[in-house]
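Presented below is the structure to which this report refers.
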Amino acid sequence: MTETVQRLSTAPEPVGPPRRSASPLVVVRRWWRVLTSMRTALVLLFLLAVAAVPGSLLPQRSLNQGKVSAYYAEHPDLAPVLDRLSMFDVFSSPWFAAIYLLLFVSLIGCVVPRTRMHYRAMRQPPPPVPSRLDRLPQSASLDRDESPAAVADDAAAILRRGHWRVVRRDVGETVELSAEKGYLREIGNLAFHAALVALLFGLAFGKLSGYEGQILVEEGAGFCNTFQQYDTYRNGPFADAGSLTPLCADLDRFSVEYEENLTPSRFLADLTYTRELGGPASAYPLEVNSPLRTDGIRLYLTGHGFSPRFTITYPDGSAFTDISAPFLPEDQSTLASSGAIKLPDRPGGDGTQLAIEGFFVPTAAEFGDNQLVSVDPRPQNPAVAIVVYEGSIGLDSGAAQNVFALDQRQIDRGALERVGAGNLLVGQSLELPDGTEIRFEGYKQWAALQLSHDPGQLTVLVASVVMLLGLLCSLVVRRRRVWLRCRVSDDVVSRPGDPAAGAATGDPAADGDASSRTVVDVGGLARADSGGQGPGSFGSEFAALVQQFSEKDAGKD
Amino acid sequence: MAVNDSLAALADTAFTGSVVVYSVAVVGFAGEYAFGRRGRVARTSEEQTATAVGGSDRAGTATATAVGSGQRLGALGLGCTVIGAALQVLSLVLRGVATDRVPWGNMFEFACAAVLVTVLSFLWLVWQAPAFRHIGVFVLIPALFVLVYAGLILYAEAEPLVAALRSYWLAIHVAAAITATGIFMLSFVVTVLYLIRQRYERGVIEDGSMPRMIAGLGPRLPAAAVLDRLSYRTVAFAFPIWTFAVIAGAIWAESAWGRFWGWDPKETWALIAWLVYACYLHARATAGWKGVKAARINLLGFFAMTFNFLIVNMVVSGLHSYSGLT
Ligand code: HEM
Chain A
1 MTETVQRLST
11 APEPVGPPRR
21 SASPLVVVRR
31 WWRVLTSMRT
41 ALVLLFLLAV
51 AAVPGSLLPQ
61 RSLNQGKVSA
71 YYAEHPDLAP
81 VLDRLSMFDV
91 FSSPWFAAIY
101 LLLFVSLIGC
111 VVPRTRMHYR
121 AMRQPPPPVP
131 SRLDRLPQSA
141 SLDRDESPAA
151 VADDAAAILR
161 RGHWRVVRRD
171 VGETVELSAE
181 KGYLREIGNL
191 AFHAALVALL
201 FGLAFGKLSG
211 YEGQILVEEG
221 AGFCNTFQQY
231 DTYRNGPFAD
241 AGSLTPLCAD
251 LDRFSVEYEE
261 NLTPSRFLAD
271 LTYTRELGGP
281 ASAYPLEVNS
291 PLRTDGIRLY
301 LTGHGFSPRF
311 TITYPDGSAF
321 TDISAPFLPE
331 DQSTLASSGA
341 IKLPDRPGGD
351 GTQLAIEGFF
361 VPTAAEFGDN
371 QLVSVDPRPQ
381 NPAVAIVVYE
391 GSIGLDSGAA
401 QNVFALDQRQ
411 IDRGALERVG
421 AGNLLVGQSL
431 ELPDGTEIRF
441 EGYKQWAALQ
451 LSHDPGQLTV
461 LVASVVMLLG
471 LLCSLVVRRR
481 RVWLRCRVSD
491 DVVSRPGDPA
501 AGAATGDPAA
511 DGDASSRTVV
521 DVGGLARADS
531 GGQGPGSFGS
541 EFAALVQQFS
551 EKDAGKD
Chain B
558 MAVNDSLAAL
568 ADTAFTGSVV
578 VYSVAVVGFA
588 GEYAFGRRGR
598 VARTSEEQTA
608 TAVGGSDRAG
618 TATATAVGSG
628 QRLGALGLGC
638 TVIGAALQVL
648 SLVLRGVATD
658 RVPWGNMFEF
668 ACAAVLVTVL
678 SFLWLVWQAP
688 AFRHIGVFVL
698 IPALFVLVYA
708 GLILYAEAEP
718 LVAALRSYWL
728 AIHVAAAITA
738 TGIFMLSFVV
748 TVLYLIRQRY
758 ERGVIEDGSM
768 PRMIAGLGPR
778 LPAAAVLDRL
788 SYRTVAFAFP
798 IWTFAVIAGA
808 IWAESAWGRF
818 WGWDPKETWA
828 LIAWLVYACY
838 LHARATAGWK
848 GVKAARINLL
858 GFFAMTFNFL
868 IVNMVVSGLH
878 SYSGLT
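Heads up: the sequence lines are chains A and B, in that order.
Here our numbering is used: position 35 in the first sequence is 35, and no number is missing along the way.
Residues are numbered in our numbering as their position in the second sequence, beginning at 1, plus a constant of 557.
Below, the structure written as structure tokens:
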């Protein structure tokens, strides 16, 4: 059997590693072939899988900076070593990028020549009939009464009706047919790999030109899409932070619905937004799983919580109402939250500042001395426990401060001094030694919003759909060939027992009728893994074809 | 929406029933395997082996003793498998009705549904080629193991879903993940059998020695070539489904978490498993990697799937609010 008959795939042929002592160009060409070989693809795929493992098991900065710090505290010796290997930023590390890029190159180097090869293969007629059809994985032999040409006409009609591509060659009185089917397999496979290239490209492009900002917004407040306003903001090197898509949104109301067992069933942030300053305002009910999409940007609801509200009356009689700050939930099931309120400017004071450290519970169960327990995430009996400090908060020290907590170092070094503490229900107040009164007024709800822009997203979506379709073609469609040789019978009496005729037993014409004039040898070949018997296999398709060939074609007009 | 407790209790009863019935099926299949007349698969594989050996009759007709009760035990096993699968379907449907949601909202339900897919794929296989009944005992033992593990360790009361999971993508993404997982599990079993049979065939062909230890299971298994092809076919079937599950997950993540891909541990492991199975498919087309080496990659793929399900859900925390464990 010739090589052209055997190969039903454009998979690159196995190559060895490059040998030394060759001209540079030859070396480059050899390495290129190694890089684009199947074996290298195999190794790169495997490497990518292995490289992703530490990224999933060790804390990652991109996911949770806090966990990385905790890991540092727990493993002070190991952590710096791991950090030097980029183990806390695996997916943006140079070595991960190296594997990714090699795979990218290998894919391109693999797809381009294969596309060319397949294009040529599709334009070429199916290869001529091999000399020994009985050596093929599928073969059969049968007799027909008609002339070779008539039998071949029949068979060709049957094959064409089955969407086979058929080529006929007449050699004297003998007629040969070559037929092939299932080109879609290779097309699908190429589409899959090409789409994978497009997907990787879209992914990289989106990361480089996109941005993302997060912000906590209290009920009644709003924000605009400028990077200065965000609590956290991240952009790719090609994103222009100066001209973000204009959008301003106000949080009118936030609400949560609960099941009987206090499983939250719905989060709803009622927004009013405008796409340009002074432009028309629209309402949008923002929910989890249902972001606001407009102009290539997407706004998400990613979290919620409470901001306790205080009124502070200073000894000189001046009162500040509506002092509040978002508290972060410590327990998602009861929404017990903690936070801090920093009050830099105190009227008529000596330059010292006030700071409140607090613990908020939406529904207090026990309310007594130093006992504050939350039993329900719904705000039915809100209460706070506060500790008030006086002194220097340390805001002007230059170091970035966590807005949800006081700087513990300022407390430790005595710069902040505790001046009072107490548990308060709504309406109750705490009086400090200097006469300052802190009154707990209630709460506001806040929603955590995220605004994202990823211009590569659509490319990635389309690419993945093409990938899936290509994959389906590549795995479902079977590339296969069938050959027929119709020749005048040279032995009119009986044919010698032909072992290859096994597949055709049960064939009504196979019992050596003296009047038969044409012997038809049939051979079939399918790609590896597609052969075998059983329903849907090439074996049974071949048997069915042979059965059809053995009778006069009834489907012809 | 309150949970209907009596229906939920009924679902649990059906679950227990399926475990009991599958256990009987294991006994039946094991009985057939141990005492049964050699089935068609065994005989054909014997013939194939013999041809491969080159006419040597070593593979032996020695054990070809006809015990009619073996057939009956096999039929019992198959019958019980069908009943067990029906009870599993009932259990999942009742859970779904009791909670008014799709019945794959936590790890317990995921494991049950995946086992159901494995068992149904096995039944489909037997429907197509009855001789595959003989691997029933090897499919049902791991299936039973997973169910018992799920019932004891992963069990979660029938409860409504948290808001984050209330999306039709849950139905789509998780259903695809379950289907792929169940079929990959069947592929895993078939691959293990392939490795056993392969070792047996190699022993018989190369040294003519009688197989020892684990390869002793060999004589009654289908031919290595048959098992090899079946493990490829199952992966080739499940791989696009898994691909779809990952894509659907990314689409859901885009609308739920604000990005379609963020290297959350669960996403990462889904990708790792996907890459490993892609390796397997490539290995099958690469000279020098076919056969045992490729089979080991298949095992590795299922290891990644299992790791993702058990370790990532329970030990590594991420954004997925799925496990239902507290
Ligand atoms: C992330 C990277 C890749 C993935 C996920 C992937 C996946 C796949 C899949 C699923 C198949 C179908 C297997 C089958 O027909 O049974 C396949 C086939 C193939 N892949 Fe890849 N592939 C990747 C990279 C590459 C690279 C870099 C090359 C270049 C050398 C390559 C070359 C091939 C070839 C030649 C085939 C066809 C095999 C055949 O026709 O028998 N692949 N690939």
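Built from N, CA and C at the ideal position, the CB exists for glycine as well.
Quick caveat, the model's predicted, so the values are computed rather than measured.
- Query: How would you write the range of the alpha helix (DSSP H) that D89 of chain A sits in, first residue to last?
  - Reply: From DSSP, D89 of chain A is part of no alpha helix (DSSP H); its letter is neither H nor E.
- Using a beta-carbon distance cut-off of less than 8 Å, what residues from the region 288–304 of chain A approach chain B? Hits within the stretch, in order: V288, N289, S290, P291, R298, Y300 and T302.
- Sorted by chain position, which residues of the same chain lie with C-beta nearer than 6 Å to V576 of chain B's C-beta, five sequence neighbours on each side aside? Same-chain partners within the cutoff: L704.
- Query: DSSP puts Q445 of chain A in a beta bridge; with which residues?
  - Reply: DSSP, once it has assigned bridges, lists A:F306 as partnering Q445 of chain A.
- Task: Please compile the residues from chain B whose C-beta is within a distance smaller than 7 Å of the C-beta of V105 of chain A.
- Result: Result: empty, since nearest Cβ-Cβ is about 17 Å, beyond 7 Å.
- By a C-beta neighbour count over all protein chains shown, 10 Å radius and 16 as the cutoff for buried, is S324 of chain A buried or exposed? With 16 or more neighbouring CB atoms inside 10 Å of its own CB, S324 of chain A falls in the buried class.
- Kindly indicate which three-state DSSP category A609 of chain B falls into: helix, strand or coil? Residue confidence for A609 of chain B is low, a pLDDT of 39 falling below 50, so the modelled location carries little weight; the figure read from the coordinates is stated next. Residue state, collapsed to three classes: helix.
- Message: Counting only beta-carbon separations shorter than 8 Å, does P508 of chain B have a partner in chain A?
- Response: Look at the range of chain B in this structure, 558 to 883, and you will see that residue 508 of chain B is not part of it.
- Query: Which residues mark the beginning and the end of the beta strand (DSSP E) in which T274 of chain A is found?
  - Reply: Unbroken beta strand (DSSP E) run through T274 of chain A: P264 to T274.
- Query: Any idea what DSSP makes of P776 of chain B, helix, strand or coil?
  - Reply: Here P776 of chain B sits in helix by DSSP.
- Item | Minimum Cβ-Cβ distance from R266 of chain A to chain B less than 8 Å | Taking Cβ atoms only, chain B reaches closer than 8 Å to R266 of chain A, which makes this a yes.
- Item | G627 of chain B vs A582 of chain B beta-carbon contact at 8 Å | With contacts defined by Cβ atoms closer than 8 Å, G627 of chain B and A582 of chain B do not form a contacting pair.
- Just the chain B side, please: which residues come within less than 7 Å of M38 of chain A by C-beta, in chain order? Simply H839, A842 and T843.
- Straight-line Cα distance separating G693 of chain B from P776 of chain B: About 16 Å.
- Item | Simplified DSSP assignment, three categories, for G391 of chain A | Judged by DSSP in its simplified three-state form, G391 of chain A adopts strand.
- Secondary structure at H163 of chain A, three-state DSSP: helix, strand or coil? Correct three-state label for H163 of chain A: coil.
- Message: I'd like to confirm the pairing. Which residues does DSSP put opposite H453 of chain A in its beta bridges?
- Response: H453 of chain A is bridged by DSSP to A:Y211 and A:I297.
- Message: Assuming S464 of chain A and I804 of chain B are in contact, meaning their beta carbons sit under 8 Å apart, how far apart are those beta carbons, in whole angstroms?
- Response: Right, their Cβ atoms sit about 5 Å apart.
- Task: Buried or exposed for P779 of chain B, please, with buried defined as at least 16 other CB atoms from any protein chain shown within 10 angstroms of its CB.
- Result: In summary, P779 of chain B is buried, with 16 or more beta-carbon neighbours lying within 10 Å of its beta-carbon over all protein chains present.
- Task: State the Cα-Cα distance for the pair P362 of chain A and A385 of chain A, rounded to the nearest angstrom.
- Result: So the two alpha carbons sit approximately 12 Å from each other.
- Would you say T505 of chain A faces chain B, with C-beta separation under 8 Å as the test? Any reading at T505 of chain A must be qualified, since the residue scores a pLDDT of 43, below 50, and its modelled position is unreliable; the value itself is stated next. With 8 Å as the cut-off, T505 of chain A does not count as an interface residue toward chain B.
- Message: Taking its Cβ as the centre, do 16 or more other Cβ atoms sit within 10 Å of T232 of chain A, making it buried, or is it exposed?
- Response: Flag for T232 of chain A reads exposed.
- What residues match up with I753 of chain B in a beta bridge as DSSP calls it? Per DSSP, none; premise fails for I753 of chain B.
- Could you tell me the boundaries of the beta strand (DSSP E) in which D521 of chain A lies? T518 to A526 is the span of the beta strand (DSSP E), which, as asked, contains D521 of chain A.
- Task: Kindly indicate which three-state DSSP category P797 of chain B falls into: helix, strand or coil?
- Result: The answer is helix: DSSP assigns P797 of chain B an H, G or I state.
- Task: Measuring alpha carbon to alpha carbon, tell me which of B:N855, B:L635 and B:L651 ends up nearest G566 of chain B.
- Result: Residue identity differs from the one stated: residue 566 of chain B is Ala in this sequence, not Gly. With distances taken between Cα atoms, A566 of chain B lies closest to B:L651.
- Closer than 8 Å, Cβ to any Cβ of chain A: which residues of the region 720–740 of chain B, in chain order? Against chain A - using a Cβ distance shorter than 8 Å - the residues of the region 720–740 of chain B are A720, A721, R723, S724 and W726.
- Query: Using a C-beta cutoff of 8 Å, does A41 of chain A count as contacting chain B?
  - Reply: Chain B contact via Cβ: present.
- Show which residues of chain B have a CB atom less than 8 Å away from the CB atom of S56 of chain A. Near S56 of chain A (Cβ distances below 8 Å), the residues of chain B are W820, P822, T825, W826, I829, V869 and V873.
- Message: Less than 8 Å between CB atoms is the rule here; does E180 of chain A satisfy it with respect to chain B?
- Response: Using a CB distance cut-off of 8 Å, E180 of chain A does not count as an interface residue toward chain B.
- Query: With a cut-off of 8 Å, do at least 3 Cβ pairs link the region 162–170 of chain A to the region 117–135 of chain A?
  - Reply: The region 162–170 of chain A makes contact with the region 117–135 of chain A: 3 or more CB pairs, one atom from each, lie closer than 8 Å.
- Item | Bounding residues of the beta strand (DSSP E) (the contiguous stretch that carries D322 of chain A) | First-last of the beta strand (DSSP E) with D322 of chain A: A319 to S324.
- May I ask you to verify whether the region 33–50 of chain A touches the region 836–843 of chain B, counting CB pairs closer than 8 Å and requiring at least 3? Judged by pairs of C-beta atoms under 8 Å, the region 33–50 of chain A touches the region 836–843 of chain B, as three or more such pairs exist.
- Message: Taking only three categories from DSSP, how would you classify G351 of chain A?
- Response: Reduced to three states, the DSSP call for G351 of chain A is coil.
- Query: Going along the chain, which residues of its own chain have a beta-carbon closer than 7 Å to the beta-carbon of L752 of chain B, five neighbours each way excluded?
  - Reply: V849 and A852.
- Quick one: is A49 of chain A near chain B, going by C-beta distance under 8 Å? Yes, contact with chain B.
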